[in-house]
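Note that the sequence shown covers residues -19 to -1, 1 to 260 in mature numbering (1 follows the signal peptide of the UniProt record, and there is no 0). Below is one structure, written out as structure tokens; the observations come after it.
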Amino acid sequence: MIFAKSLLSAAFFVASVASLSIPSGNLNTLNKRETCPANYDDDKSPSCPKNVMSCTSEDVDPCCTPKYGLLVLSQEWISNYGPKEEFTLHGLWPDMCNGTYLPELGCDQTRSVSSAATVVKNLDPELFNTMSRIWPSYNGDNDSFWTHEWNKHGTCYTPLDPSCKPKSQFKNGTDVTDFFKTTIGLRQKYDLYSALKKEGIVPVPAPQGNNTAKTYSVDQIRNAIHNEFGQFPNVNCLNNTLSEIWLYFHVIGKDQFVLIPPTANDTCGSAINYFEKTV
């Protein structure tokens, strides 16, 4: 599938977190829409407890704290697209607390859209322009890419469910734009290119002919990001070339993301190519 969590995912993201013992639930029920327990049809805002972290309690109001509380932020390094000195976005992926993936069709098909690009462009043209620059599809079809990311992953981020807001405060499509804004905000906060550059890890020209290029080790990349953000990432490669870096989070409340250790193994060899972009 073109827009799965990259070609890497099926091969290696099957790990679970030993320290997390929250039951994962029944996958057969996940496509059924789960509204929040309170009735927010009036103009009163829901009252949420403070400082509740995802994946620490089974009794979580999904409006107040993400029900699927292990989230993965994937940033890509693709040599022929996106800004030359920035990682681009692949997505923000809610998963079960034990690392299990959610259904391919997402968690609420009633909120699926046929064109995420149209929704975003109509509601927030500035967001559309930002996404076009830092969240491009490798095959040029941004709309299909964004639509997939929302339908599969965004519908699983429970605090944005329309039932969590008074009807008078919800405008159709704002759950879509809010999810994309949340993802972009995390990318801005966790600037991988700058973190690597601070440690002297910068892209190098691809080798020509029989020449060889400078390479980096997994530990160099992991340590650079740990030094900047306080947690290690998951480093992923295709053909020994850096392709994606994943950061893992739990969430306090609705949107306070807290880095946690990765739950999957790195997929790179001992020497990693990190080539300059050719765009």
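Even glycine gets a Cβ: it sits at the ideal position worked out from N, Cα and C. Computed from a predicted model, the values in this text were never measured in an experiment.
Here D105 carries a coil assignment [DSSP, helix/strand/coil].
When the five nearest sequence neighbours on each side are left out, the beta carbons in the same chain lying within less than 6 Å of the beta carbon of S118 are those of F126, in order along the chain. Excluding five sequence positions before and after V100, the CB atoms of its chain that fall closer than 6 Å to its own CB belong to V94, G154 and V157, given in chain order. Scanning the region 32 to 64 from its first residue to its last, the whole beta strand (DSSP E) runs of 3-plus residues come out as 51 to 57.
With contacts defined by Cβ atoms closer than 8 Å, C45 and K235 form a contacting pair. Per the coordinates, the alpha-carbon of M34 lies some 17 Å from the alpha-carbon of L141.
Where Y174 is concerned, there is no enclosing beta strand (DSSP E), although the alpha helix (DSSP H) around it starts and stops at L173 to K179. Nearest in C-alpha terms to R114, of all of N103, L83, D159 and R168, is R168.
Per DSSP, reduced to three states, the secondary structure at I165 is helical. D40 is classed as exposed because its beta carbon has fewer than 16 other beta carbons within 10 Å across all chains shown. When beta bridges are read from the DSSP output, F210 appears opposite no residue.
Cβ contact annotation for E257 (same chain, cutoff 6 Å, sequence separation greater than five): P184 and P186, in chain order.
According to DSSP, T69 shares a beta bridge with E57. Bridge partners of N254 according to DSSP: T222.
About 6 Å separates the beta carbon of Y171 from that of F210, a gap short enough to meet the 8 Å contact definition. In this structure, the alpha-carbon of C78 lies about 5 Å from that of L51.
If you check the CB distance, A205 and A176 come in under 8 Å. In the DSSP assignment, the residues bridged to P75 are L52.
Membership of F126 in any beta strand (DSSP E) is not indicated; the residue belongs instead to the alpha helix (DSSP H) covering N123 to H129. Separation of N110 and N103 (C-alpha to C-alpha, rounded to the nearest whole angstrom) is 12 Å. About 5 Å separates the Cβ atoms of F68 and L173, confirming a contact at the 8 Å cut-off. In the structure shown, the three-state DSSP call for V185 is strand.
When I165, F230, S60 and K48 are compared, the shortest CA-CA separation from T259 is found for S60.
In the structure shown, F230 falls within a strand segment according to DSSP collapsed to helix, strand and coil.
Counting along the chain, F238 sits inside the beta strand (DSSP E) bounded by residues Q237 to I241.
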